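*Asks:*
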Amino acid sequence: MSAYQNRVSSNFKYQQNQNNTVKSIKKKSIYQMQSELNAKQNMFNMMQNMNTNSHALYMNIAENIGGTGNYWEVVDY
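Numbering (the numbering used here), first residue to last: 62 to 138.
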């Protein structure tokens, strides 16, 4: 087999592997994709809530040092 034929053969095999990968991704059901999205969204919401509560805590520390008597709280409307 010549070098050119070898290269063409390896390119063809690469394309087949890519096609198989794309097919396996397309076979993923809508339910699975929705489940993954929900899990990622829940993780983001949890991290956002932790960050917001942490920020309120630090604001309260600053208020207590200043002696104003005011406080911050996180309210969900």
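Just so it is clear, CB atoms sit at the ideal spot from N, CA and C, and this is done for glycine as well.
The structure presented is a predicted model; accordingly, all values stated were derived computationally and were not measured.
1. According to DSSP, is E134 part of a helix, a strand, or is it coil?
2. Give every residue of the same chain whose Cβ lies closer than 8 Å to the Cβ of E134, excluding the five residues on either side of it in the sequence, and list them in chain order.
3. So, are the CB atoms of N114 and Y132 less than 8 Å apart?
4. Do you know offhand how far N110's Cα is from D137's?
*Replies:* Put simply:
1. Mapped onto the sequence shown, residue 134 falls at position 73. Reduced to three states, the DSSP call for E134 is coil.
2. Here residue 134 refers to the residue found at position 73 when the sequence shown is read from its first residue. Around E134: A117.
3. Position 53 of the sequence shown, counted from the first residue, corresponds to residue 114. Position 71 of the sequence shown, counted from the first residue, corresponds to residue 132. Their beta carbons are not under 8 Å apart, which means N114 does not touch Y132 by this criterion.
4. Residue 110 sits at position 49 when you count from the first residue of the sequence shown. Residue 137 sits at position 76 when you count from the first residue of the sequence shown. Taking the straight line joining both Cα atoms gives about 10 Å.
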